[in-house]
Structures are given as structure tokens and as C-alpha cells.
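A.B. asks: Following our numbering, the numbering of the sequence shown begins with 2 at its first residue and continues without gaps.
Glycine is no exception: its CB is placed at the ideal position from the N, C-alpha and C atoms.
None of the values given here were measured: they were computed from a predicted structure.
Have a look at the structure that comes next, please.
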Amino acid sequence: MKENGIKQLNLADVPQIASGLTYYDGDVGFADDITAVTHLVEAFKLNFVAMVFCTSGSLTMKVNSVQYTINANDGILVDMQNVVSDISYDSEMNCKIICISLDSGVSFLTKSMFEAFMHIKAHPVVHFSVNEMELMSKYYELAVFKMRYPETGMNGKESMQMILRAYVLDMLANINIHMGIPRDTDVILRQADKIFHRFIKELAESNGVQHSVKYYADQLCVSPKYLTSICRKQEGKTAGELITINTVGHVKQLLLYSSLSIKEVATQLGFENLSFFGKYVKKHLGESPNNYRKTHNYGK
């Protein structure tokens, strides 16, 4: 689907978009061809989480207007609602891609795995060792084998989800090693961790609409004060600051990549009036909405 000038990719779009698709069950997709997305509009964003592993050559893309290049043995995480554009690659590029719905991808994480996931969200490129990349490739090959020979061993979606679980845990465990987190720190996520995860999910699903801390606290059945204390402990920021980061990110996306008028952007993001929206943008982006579009190459 297409919304506000930015191509919106849902996991259901994967079979039509990824010509190299090797497995898809509605919650998870494996593919080995990223070239199929290059015919899309200049900018698009995912409504799922994708991890791209480069096994040879190099691949360049912009994520939220920041350019990243990954080479052999590198991986890049593209999180939900991130704007992707300007994909390019050399003739030697080969990659493996895994696409995961938010619900299926994080329900089993331990505390340190959750910490690793939050780290990679902030630093999306990961440099794996040769052995670590080989392990990631082996999981991919196992998933392909199960798809081609479903009569071997356990059948169906449950088997693939078990492979995915092991894959994600091993990938994040390797990231933990690079972060210096000991392997023996794993404990089941505490209630506070789960609340924070649900808060982040609510933010992702809000599409940038500005809500109060109380609104999210009510959704999570906690007090605003408790939600803020959880956010401070998890991310070093208040709940209000995280809400602002989310909204400002969507303000940038819509001002730069959509054909909506300034008033329409303000309305879509839940601002009461155009004047308040203008003051909000001036405060957080340093210039008016119109000037931000002009100085940051609107539509590019």
C-alpha cells in the first residue's frame, strides 16, 4: 500500500516484492534477493522488522536519511517505521534477509537479549565474525531445507518458529558478546521490561500521533510516574522524551517524503492547530515546517 507519498510495506507484501522469497508464513519471511525492492518509489518504510545479512560484496542504503554501507559479514537491522531509500549494491553483492512481525519476533526474549535488541536499534549495523556469519547462514539454510522438504521432521509453522527462535537468540547473543555483556546474565524479562517493550510497540503503532504520557500509561495500566521511571532505567530518557523522539521522527518523514500540506501533516499527527504544530517544529527542528522542507530537499 502507499500512504502519504511513502511506500508502506507490510509483511503480507513480501511474497509480491521479494522475488527471492524462500519462506513466508504471515509472521516470518526469508529471502535472498533485495534487488526486487529497487523498483519501488524512492522512499518506503516497513511495518515489520527486517535483518539483512551481507554474505559478499557491498550494499548501501539510507535509513531515516542516514546512509549505511554493509560489506561481507555485516548485518543491518531495519526497524519498524524506519524510512528506507537509495538502495544500491555492487555486482558481487549477495545477501540473506529475514523479515519478522513485531509480535512473533520478541515474545521470547530474555533480559540481555532485549538489551541487545535495543542496542542494535540505536546502532543498526553489526560486524559479525566469519564464524558468526556462518552460523547465521546455517540457520537460513536450515529454514530453506525445511521449506523444501516439509515431510522431514516436524511439519509446518511451529517448526519454522522454533528455528526462528534459535536464530534470533543466537544472533542477539553474538551481539551481546560484542557489547561485553556476559552470557550468564540471562534472566527472564521482568515485568518492567515487558511494560517498556509494550510501550515501544505502542509508540511504533501510533504512527507518530502525539499522545500524552498519561495516554500511554492508561493503555499499559500503569501510572505515568511509573512508566517514566521504567523508561529512564531502560533508555535513560523519560517517557515524554521518547514520545517526542517518535513524533519528531514522523514529522521529518512526512515533511520530506509526503505530498501532504503542512496543515494535513499537523492534523495527521494529532496537533490541535497549525500554529501549535509550527511552534513544535520550530522548537525541535530549529525552523518552520516550510523552511525545513525547503532546506532539506523535500521529495528527495
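For I246, count neighbouring C-beta atoms within 10 Å of its own C-beta (all shown protein chains included) and say buried if the count is 16 or more, exposed if not.
C.D. replies: With fewer than 16 Cβ atoms within 10 Å of its Cβ, I246 is classed as exposed.
A.B. asks: Measure the alpha-carbon distance for K283 versus D80 and round it to whole angstroms.
C.D. replies: C-alpha separation (whole angstroms): 27 Å.
A.B. asks: Taking the beta strand (DSSP E) that L10 falls in, what are its first and last residues?
C.D. replies: From DSSP, the beta strand (DSSP E) with L10 extends over I7 to L10.
A.B. asks: Can you pull the DSSP bridge partners for L60?
C.D. replies: L60 pairs with I71 and Y90.
A.B. asks: Excluding the 5 residues preceding and the 5 following S175 in the sequence, name in chain order all residues of the same chain whose CB lies nearer than 7 Å to its CB.
C.D. replies: The sequence given here places Asn at residue 175; Ser does not occur at that position. Within the same chain, N175 has close Cβ partners F129 and E133.
A.B. asks: Less than 7 Å separating the beta-carbons of P151 and I77?
C.D. replies: For P151 and I77, no; Cβs fall outside 7 Å.
A.B. asks: In this structure, what does DSSP give as the bridge partners for V29?
C.D. replies: DSSP output for V29 lists I101 as bridge partner(s).
A.B. asks: Ignore the nearest five residues each way along the sequence and tell me which others in Q275's own chain have a CB closer than 8 Å to its CB.
C.D. replies: Per the sequence presented here, residue 275 reads as Leu, with Gln not at that position. Hits under 8 Å: I263, K264 and A267.
A.B. asks: Buried or exposed: which applies to D91, given that a residue is buried once 16 or more other Cβ atoms fall within 10 Å of its Cβ?
C.D. replies: So D91 ends up on the exposed side.
A.B. asks: If we count the other Cβ atoms within 10 Å of its Cβ and call it buried at 16 or more, is H285 buried or exposed?
C.D. replies: H285 is exposed by the Cβ-count criterion.
A.B. asks: Quickly, what does DSSP pair F197 with across the bridge? List them, please.
C.D. replies: Beta-bridge pairing links F197 to no other residue.
A.B. asks: In whole angstroms, what is the alpha-carbon distance linking C222 and Q68?
C.D. replies: Going by the C-alpha atoms only, they are around 39 Å apart.
A.B. asks: Report, in whole angstroms, the separation of the C-beta atoms of C100 and G30, which I expect to be a contact under 8 Å.
C.D. replies: Indeed they touch by this definition, with Cβ atoms about 4 Å apart.
A.B. asks: With C-beta atoms as the reference, is F49 less than 7 Å away from S102?
C.D. replies: Yes; because the gap between Cβ atoms is below 7 Å, this pair is in contact.
A.B. asks: Skipping 5 residues on each side, what residues in its chain have a beta carbon closer than 6 Å to that of N11?
C.D. replies: N48.
A.B. asks: If distances are taken between C-alpha atoms only, which option among M94, K122, E93 and G279 comes closest to E236?
C.D. replies: Among M94, K122, E93 and G279, the Cα nearest to that of E236 is on K122.
A.B. asks: Buried or exposed: which applies to V131, given that a residue is buried once 16 or more other Cβ atoms fall within 10 Å of its Cβ?
C.D. replies: Exposed: under 16 other Cβ atoms inside 10 Å.
A.B. asks: Among the candidates F277, L256, A240 and M172, whose CA atom is the shortest distance from the CA of N65?
C.D. replies: Looking at the Cα atoms, L256 is the closest of the given residues.
A.B. asks: Could you spell out where the beta strand (DSSP E) holding V126 opens and where it closes?
C.D. replies: V126 to H128 is the span of the beta strand (DSSP E), which, as asked, contains V126.
A.B. asks: Roughly how many whole angstroms lie between the Cα atoms of D219 and T36?
C.D. replies: Taking the straight line from one Cα to the other gives about 43 Å.
A.B. asks: For N291, does the count of other Cβ atoms within 10 angstroms reach 16, so buried, or fall short, so exposed?
C.D. replies: The residue in question, N291, is exposed, as its Cβ has fewer than 16 Cβ neighbours within 10 Å.
A.B. asks: In three-state terms, what does DSSP make of L255?
C.D. replies: Residue state, collapsed to three classes: helix.
A.B. asks: In terms of DSSP beta bridges, what is K46 paired with?
C.D. replies: The partner list for K46 (beta bridge, DSSP) reads Q9 and V84.
A.B. asks: List the residues that DSSP assigns as beta-bridge partners of N95.
C.D. replies: According to DSSP, which records beta bridges pairwise, N95 is partnered with S57.
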